[in-house]
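Novice: To convert, note that position 16 of the sequence shown is -4 in the working numbering; the numbers rise steadily by one, no gaps.
All C-beta atoms, glycine included, are put in the ideal place defined by N, C-alpha and C.
Quick caveat: nothing in here was measured; it's all calculated off a predicted structure.
Encoded as structure tokens, here's the structure I'll be asking about.
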Amino acid sequence: MKILVTGGAGFIASHLIKRLLEDGHEIVCVDNLNDYYDPEIKLKRLEQFEKQINFEKVDITDFSSLRKIFEKYKFDKIAHLAAQAGVRYSITNPDVYINTNYLGTFNVFELAKIYGVKDAVFASTSSVYGESLEIPFREDSPADRAVSIYAATKRACEIMASSYVRNSDMNITCLRFFTVYGPFGRPDMALFKFTKNILAGEPIDVYNNGEMKRDFTFVSDIVEGFVLALNKPMGFEIINLGHGESVHLLKFIEVLEKKLGRKAEINFMPMQQGDVPQTFADTTKAKEKLDFNAKIGVEEGVSFFVDWFKDYYKI
Ligand SMILES: NC(=O)c1ccc[n+]([C@@H]2O[C@H](COP(=O)([O-])OP(=O)(O)OC[C@H]3O[C@@H](n4cnc5c(N)ncnc54)[C@H](O)[C@@H]3O)[C@@H](O)[C@H]2O)c1
-19 MKILVTGGAG FIASHLIKRL LEDGHEIVCV DNLNDYYDPE IKLKRLEQFE KQINFEKVDI
41 TDFSSLRKIF EKYKFDKIAH LAAQAGVRYS ITNPDVYINT NYLGTFNVFE LAKIYGVKDA
101 VFASTSSVYG ESLEIPFRED SPADRAVSIY AATKRACEIM ASSYVRNSDM NITCLRFFTV
161 YGPFGRPDMA LFKFTKNILA GEPIDVYNNG EMKRDFTFVS DIVEGFVLAL NKPMGFEIIN
221 LGHGESVHLL KFIEVLEKKL GRKAEINFMP MQQGDVPQTF ADTTKAKEKL DFNAKIGVEE
281 GVSFFVDWFK DYYKI
């Protein structure tokens, strides 16, 4: 099958491309290679595929350029992961989120409709739950109290997806990812920053005085869930993709310290604007609809990440 992967130079989408190539699909990757974080790592991710994929440097906010890609390739399915990610950056740069996440997603869905691409899977986020008091987070929670513009744009895209499914013959599954980590991870995310600083003997910033819990989900589990969703068009669905365990951040840091064989010097900081103290996925629906079961726990996952980090930076 010919699959469009948006944001293919990104952390999660590059893992997804690897898996889709193994499954024998033809991949067209669209990414604008922006410099929100070092584009070098995006190029390195793409280098893994050499000539196995068609790469198109296109900004999804540019409707006419994106239209040419749809015209040229005639896709069977779409994996839409291009986005401005990051909760904290959205406090100071809300316009980027509105443009890329909301308008960009409109462009992708609208062109899918015009060109008759029936099946799409959209990367949403656990951030849409905000400070939900109902724990673990269930898909039927209203999720209408966004704590950041990032969350607001992702929730708006889910609602937009539901209207595309209602008014066309498209199938769109929105997968709410929970704190994804793993090799080739994002340099702006905690595990990457913690590993870098601990190895350099520098302190790490820990927010909300360490009172944070996250449902850390290893990237291969996310990819598995994504592929299951791509292979099973279901009209409109929203499904949590998480490990299904809420791990205390200080426990996560302990696991990292053990793997690195070094203690972290911790700077305890107040809660950051736009952030939430806890995430925890109810994975019942993912099990029922997709037969999804996360496999990698934090000990193993952190170990895979650190091995990759040391190899990548030749430490
Ligand atoms: N990493 C996580 O923990 C997490 C959690 C929940 C949801 N998500 C979602 O998963 C998806 C992938 O996240 P990631 O962590 O791999 O992030 P990432 O930043 O590594 O990947 C996103 C990619 O999209 C590209 N991109 C951004 N704006 C673009 C534009 N206007 N046009 C074309 N390409 C553009 C970027 O260059 C980047 O390569 C995103 O939609 C994100 O919101 C991630």
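Since Tyr144 contacts Phe196 with CB under 8 angstroms, what's their CB separation in whole angstroms?
Specialist: On the sequence shown, residue 144 is found 164 positions in, with the first residue counted as 1. On the sequence shown, residue 196 is found 216 positions in, with the first residue counted as 1. Not really, about 32 angstroms apart at Cβ, beyond 8 angstroms.
Novice: Could you pull out every residue in the same chain whose Cβ sits closer than 7 angstroms to the Cβ of Lys93, ignoring the five residues on either side in sequence?
Specialist: Here residue 93 refers to the residue found at position 113 when the sequence shown is read from its first residue. Counting only Cβ-Cβ distances below 7 angstroms, and skipping sequence neighbours, we find Tyr144, Ser148, Met150.
Novice: If I follow the unbroken alpha helix (DSSP H) through Phe206, where does it start and stop?
Specialist: As a position in the sequence shown, residue 206 is number 226, starting the count at 1. Element bounds for Phe206: 199 to 210.
Novice: When you compare only the Cα positions, how much space is there between Arg125 and Arg135?
Specialist: Counting from 1 along the sequence shown, the entry for residue 125 is found at position 145. Counting from 1 along the sequence shown, the entry for residue 135 is found at position 155. Arg125 and Arg135: Cα-Cα distance of roughly 10 angstroms.
Novice: Shortest alpha-carbon distance to Leu12 belongs to which of Lys269, Ala62, Ile(-17), Glu20?
Specialist: For the purposes of this step, residue 12 is identified with residue 32 of the sequence shown, where counting begins at 1. In the sequence on display, residue 12 carries Asn and not Leu. Among Lys269, Ala62, Ile(-17), Glu20, the Cα nearest to that of Asn12 is on Ala62.
Novice: Identify the residues that DSSP records as bridge partners of Glu119: which are they?
Specialist: As a working note, residue 119 is residue 139 in the sequence shown. DSSP lists no partner for Glu119.
Novice: Please determine if the segment 242 to 251 and the segment 171 to 191 are in contact, where contact requires at least 3 C-beta pairs separated by less than 8 angstroms.
Specialist: Per the Cβ contact rule, the segment 242 to 251 is in contact with the segment 171 to 191 (3 or more Cβ pairs under 8 angstroms).
Novice: Just list the alpha helix (DSSP H) runs in the segment 206 to 270, keeping only unbroken ones of 4 residues or longer that don't cross its boundaries, in chain order.
Specialist: 229 to 240, 264 to 270
Novice: In angstroms with no decimal places, state the Cα-to-Cα distance between Lys98 and Val286.
Specialist: One-based indexing of the sequence shown puts residue 98 at position 118. One-based indexing of the sequence shown puts residue 286 at position 306. Their Cα atoms are separated by approximately 39 angstroms.
Novice: Note down the Cα distance separating Ile7 from Pro250, rounded to an integer number of angstroms.
Specialist: In the sequence shown, residue 7 corresponds to position 27, counting from 1. In the sequence shown, residue 250 corresponds to position 270, counting from 1. Cα to Cα, the separation comes out at about 43 angstroms.
Novice: Under the three-state reduction of DSSP, which class applies to Lys275: helix, strand or coil?
Specialist: Translated into the one-based positions of the sequence shown, residue 275 becomes position 295. Here Lys275 carries a coil assignment [DSSP, helix/strand/coil].
Novice: Hey, quick one: how far does the alpha helix (DSSP H) through His(-5) stretch, first residue to last?
Specialist: Counting from one through the sequence shown, the residue named residue -5 turns up at place 15. -9 to 2 is the extent of the alpha helix (DSSP H) around His(-5).
Novice: Taking 7 angstroms as the cut-off, is the C-beta of Leu210 nearer than that to any heavy atom in ligand 1?
Specialist: Locating residue 210 in the sequence shown gives position 230, where the first residue counts as 1. No, ligand 1 has no heavy atom inside 7 angstroms of this Cβ.
Novice: Would you mind working out which of Gly4, Arg146, Ser104 sits nearest Ala132, comparing C-alpha positions?
Specialist: One-based indexing of the sequence shown puts residue 132 at position 152. Looking at the Cα atoms, Ser104 is the closest of the given residues.
Novice: Output needed for Ile33: all residues of its chain with C-beta closer than 6 angstroms, excluding positions within five of it in sequence on either side, in chain order.
Specialist: Counting from 1 along the sequence shown, the entry for residue 33 is found at position 53. Around Ile33: Ile7, Cys9.
Novice: Could you please give the first and the last residue of the uninterrupted alpha helix (DSSP H) stretch that includes Asp75?
Specialist: As a first step, residue 75 is located in the sequence shown; it is residue number 95 there, counting from the start. 74 to 77 is the span of the alpha helix (DSSP H), which, as asked, contains Asp75.
Novice: By the three-class DSSP mapping on this structure, what secondary structure does Ile295 have?
Specialist: Here residue 295 is taken as the residue at index 315 of the sequence shown, counted from 1. If DSSP states are grouped into helix, strand and coil, Ile295 belongs with coil.
Novice: Output the distance between the C-alpha atoms of Tyr16 and Ser107, rounded to the nearest integer angstrom.
Specialist: One-based indexing of the sequence shown puts residue 16 at position 36. One-based indexing of the sequence shown puts residue 107 at position 127. Computed Cα separation, rounded: 19 angstroms.
Novice: Just mark Ile295 as buried or exposed, buried being the case when its beta carbon has 16 or more other beta carbons within 10 Å.
Specialist: Working through the sequence shown from its first residue, we reach residue 295 at position 315. So Ile295 counts as exposed.
Novice: How close, in whole Å, do the beta carbons of Lys(-18) and Tyr53 come, if the pair is a contact with beta carbons under 8 angstroms?
Specialist: To locate residue -18, count along the sequence shown from 1; it is residue 2. To locate residue 53, count along the sequence shown from 1; it is residue 73. With a Cβ gap of about 6 angstroms, Lys(-18) and Tyr53 count as contacting.
Novice: If you draw a straight line from the alpha carbon of Phe102 to that of Ile152, how long is it in whole angstroms?
Specialist: Here residue 102 corresponds to residue number 122 of the sequence shown, with the count starting at 1. Here residue 152 corresponds to residue number 172 of the sequence shown, with the count starting at 1. If you take the alpha carbons of Phe102 and Ile152, they lie about 7 angstroms apart.
Novice: Give me the Cα-Cα distance between Leu83 and Lys24, rounded to the nearest whole angstrom.
Specialist: Counting from 1 along the sequence shown, the entry for residue 83 is found at position 103. Counting from 1 along the sequence shown, the entry for residue 24 is found at position 44. Taking the straight line joining both Cα atoms gives about 28 angstroms.
Novice: Could you check what DSSP says for Asn151 in three-state terms: helix, strand or coil?
Specialist: Sequence index remark: in the sequence shown, residue 151 carries index 171 (1-based). Residue state, collapsed to three classes: strand.
Novice: Sort Leu155, His228, Phe198, Ile139 by Cα distance to Val186 and report the nearest one.
Specialist: To locate residue 186, count along the sequence shown from 1; it is residue 206. The residue with the shortest Cα to Cα distance from Val186 is His228.
Novice: Sorted by chain position, which residues of the same chain lie with C-beta nearer than 7 angstroms to Ile276's C-beta, five sequence neighbours on each side aside?
Specialist: The residue you call residue 276 lines up with position 296 of the sequence shown. Around Ile276: Phe198, Ser200, Asp201.
Novice: Using CA atoms only, rank isn't needed, just tell me which of Val207, Ile78, Val88 is closest to Phe43.
Specialist: Along the sequence shown, read from residue 1 onward, the residue named residue 43 stands at position 63. Closest by alpha carbon: Val88.
Novice: Express the C-alpha separation of Gly215 and Gln252 in angstroms, rounding to a whole number.
Specialist: The residue given as residue 252 occupies position 272 in the sequence shown. The residue given as residue 215 occupies position 235 in the sequence shown. Roughly 37 angstroms between the two C-alpha positions.
Novice: Roughly how far, in whole angstroms, is the beta-carbon of Tyr130 from the beta-carbon of Tyr77, given that I think they are within contact range, below 8 angstroms?
Specialist: Residue 130 sits at position 150 when you count from the first residue of the sequence shown. Residue 77 sits at position 97 when you count from the first residue of the sequence shown. Right, their Cβ atoms sit about 6 angstroms apart.
Novice: For the beta strand (DSSP E) holding Asn34, just list the boundary residues, first then last.
Specialist: Position 54 of the sequence shown, counted from the first residue, corresponds to residue 34. Looking at the DSSP string, the run of the beta strand (DSSP E) that includes Asn34 is 34 to 37.
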